[in-house]
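In the working numbering, each residue's number is its place in the sequence shown (first place is 1) plus 154.
Yeah, the Cβ is synthetic: ideal placement off N, Cα and C, and Gly gets one too.
Keep in mind it's a predicted model, so treat the numbers as computed, not measured.
Structure, as structure tokens:
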Amino acid sequence: MSFAKSYKFTMIALALCAVGFIACSDSDSSGDANGEDNVLSIWVGDMLANGDTLILGMGEGLYEMSVESSGEWRFENGTTFIDSIYPESGSGDAVVKIHVKKNDSDERLKGELRVVYPEDTDLNTSMDVWQVYSGDYGDNMNVDDNTVVMAFLVCGMLGGAGIATDDCAINALNGLIGADEMKNRLLDYRDWRIYKTTVIKSQVWMAENLRYDSEGGHTYCFNDDKANCRKYGRLYNYYAAKAACPDGWHLPSKAEWLTLINELGGEAAAGKALKSTSGWKSEGNGDDDYKFSALPVGYSIKDTYYGMDEETQFWASTSYGGNTFYLVSLNFDNDSAAVRPRAARYGLSVRCLKD
Numbered sequence: 155m156s157f158a159k160s161y162k163f164t165m166i167a168l169a170l171c172a173v174g175f176i177a178c179s180d181s182d183s184s185g186d187a188n189g190e191d192n193v194l195s196i197w198v199g200d201m202l203a204n205g206d207t208l209i210l211g212m213g214e215g216l217y218e219m220s221v222e223s224s225g226e227w228r229f230e231n232g233t234t235f236i237d238s239i240y241p242e243s244g245s246g247d248a249v250v251k252i253h254v255k256k257n258d259s260d261e262r263l264k265g266e267l268r269v270v271y272p273e274d275t276d277l278n279t280s281m282d283v284w285q286v287y288s289g290d291y292g293d294n295m296n297v298d299d300n301t302v303v304m305a306f307l308v309c310g311m312l313g314g315a316g317i318a319t320d321d322c323a324i325n326a327l328n329g330l331i332g333a334d335e336m337k338n339r340l341l342d343y344r345d346w347r348i349y350k351t352t353v354i355k356s357q358v359w360m361a362e363n364l365r366y367d368s369e370g371g372h373t374y375c376f377n378d379d380k381a382n383c384r385k386y387g388r389l390y391n392y393y394a395a396k397a398a399c400p401d402g403w404h405l406p407s408k409a410e411w412l413t414l415i416n417e418l419g420g421e422a423a424a425g426k427a428l429k430s431t432s433g434w435k436s437e438g439n440g441d442d443d444y445k446f447s448a449l450p451v452g453y454s455i456k457d458t459y460y461g462m463d464e465e466t467q468f469w470a471s472t473s474y475g476g477n478t479f480y481l482v483s484l485n486f487d488n489d490s491a492a493v494r495p496r497a498a499r500y501g502l503s504v505r506c507l508k509d
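The following block contains the structure:
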């Protein structure tokens, strides 16, 4: 695997501390290439065995690294070591630099990922959502807005989005993501996005709209604006929605939606509990009592978009008949969660339900 500066790739800065015996720390273990202090470093715990694996996501592939007896991470080909990972704050955004070094020289190859925080996220809160862009691997990276993925440093993620150890956390930008918080996240291995989840009675729901760009197409950003995909998730026609949820999750049926709605007071009242506390037109916000956080993204039909700030509609998997399927609709001007049919060609939001 080459890290030449001309090599094009999408770097997904997602380190998975495997096997449950690895700790992550903000302690400073070494300086960077310029002799500056690191804010965040990877280190190995006392219980880590030689040969245990760190998985680093890069593009669509995974590259395994093994732990040498010296306690350093290395790529399997034995030529490259991770030296440090640290973030730097800037005006309105943050930059994560990942330093690596080759074991056959003192050369340090440096790449930068531009990290832009969502508009509604305070820079000094926890590293909740990062948007990472593709480009040349080099000091002067060309930012390309074609690829947006999540960036986290997470421990114990083997076999799913669970945490196998309680002593793993990140401390950066005055925020902390710990093991307990990560237990309530969904990691989508297809594109390395991480989603909040919420438990509502007997069900586990995604607490954000799905953003997966399915290979079959028929998914959209509101007004064809990628910023809307980043904030609100993608819109899907029914057939794209039916196949969009990651393994272990599924598009909820009408009956499963009704289970949720009935637990929250029935169709006439459940919308108030499901809607986010901001963003809805004319103060039509909800209470968001269960952290479902439904946002008013609207919908699409025939390359035209409607209802931003006014409503949101979620697909259900159940057929109404023919090419029509059920949805759940929330609106700014009432507290209801209405279940009704819609033609499959409409572009609606998707919330996945855990199997």
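When the Cα atoms are used, what is the spatial distance from Asn485 to Lys429?
Computed Cα separation, rounded: 9 Å.
What's the call for Arg494, buried or exposed, on a 16-neighbour Cβ count within 10 Å?
Answer is exposed; the Cβ neighbour count stays below 16.
Here's a check: name, in chain order, each residue in its chain whose Cβ is nearer than 6 Å to the Cβ of Ser483, leaving out the five neighbours to either side.
Answer for Ser483: Gln467 and Ala492, listed in chain order.
Grab the span of the alpha helix (DSSP H) containing Thr431 for me, first residue to last.
Here Thr431 belongs to no alpha helix (DSSP H), and DSSP marks it neither H nor E.
By DSSP's criteria, Asn477 is part of a beta bridge. Which residues make up the other side?
Its beta-bridge partners do not exist; DSSP assigns none.
Does the beta-carbon distance from Trp403 to Cys506 come in below 7 Å?
Yes, the pair counts as a contact, with Cβ atoms nearer than the cut-off.
Return the chain-ordered list of same chain residues with a C-beta closer than 6 Å to the C-beta of Asp342, the five sequence neighbours on each side being excluded.
Contacts found: Pro400.
Is Asp489 buried or exposed, if buried means 16 or more other CB atoms sit within 10 Å of its CB?
That one is buried.
Are Thr472 and Tyr460 closer than 7 Å when you measure CB to CB?
No; because the gap between Cβ atoms is not below 7 Å, this pair is not in contact.
Which one of Ser356, Gly387, Asp345 and Glu369 has the shortest CA to CA distance from Leu502?
Among Ser356, Gly387, Asp345 and Glu369, the Cα nearest to that of Leu502 is on Gly387.
With Arg384 as the anchor, note down where its alpha helix (DSSP H) starts and where it stops.
Taken as a continuous stretch (DSSP letters only), the alpha helix (DSSP H) holding Arg384 covers Lys380 to Tyr386.
According to the neighbour-count rule (16 or more other Cβ atoms, all chains shown, within 10 Å of its Cβ), is Gly475 buried or exposed?
That one is exposed.
Spatial neighbours of Tyr453 within its chain, please: CB distance less than 7 Å, with the 5 preceding and 5 following residues excluded, ordered by chain position.
Within the same chain, Tyr453 has close Cβ partners Leu389, Tyr460, Gly461, Gln467, Tyr500, Gly501 and Leu502.
What do you reckon, are the CB atoms on Ala394 and Ser368 nearer than 7 Å?
Their beta carbons are under 7 Å apart, which means Ala394 touches Ser368 by this criterion.
Please report how far the alpha carbon of Tyr374 lies from the alpha carbon of Leu418, in whole angstroms.
Looking at the two C-alpha atoms, the distance is approximately 30 Å.
Using the Cα positions of Ser432 and Gly440, report the straight-line distance between them to the nearest angstrom.
Near 8 Å, if we compare the C-alpha coordinates of Gly440 and Ser432.
Starting from Tyr453 and walking both ways along the beta strand (DSSP E), at which residues does that stretch end?
Tyr453 -> beta strand (DSSP E) spans Tyr453 to Ile455.
For Asn382, count neighbouring Cβ atoms within 10 angstroms of its own Cβ and tell me buried if that reaches 16, exposed if not.
When all chains shown are included, Asn382 counts as buried.
Comparing C-alpha positions only, which one of Lys456, Tyr444, Thr458 and Val504 sits nearest to Ser356?
Comparing Cα-Cα distances from Ser356 to each of Lys456, Tyr444, Thr458 and Val504, the minimum goes to Tyr444.
What does DSSP give as the partner residue(s) for Gly501 in the beta ladder?
The partner list for Gly501 (beta bridge, DSSP) reads Ser454.
Is Ser436 helix, strand or coil when you go by DSSP?
Helix.
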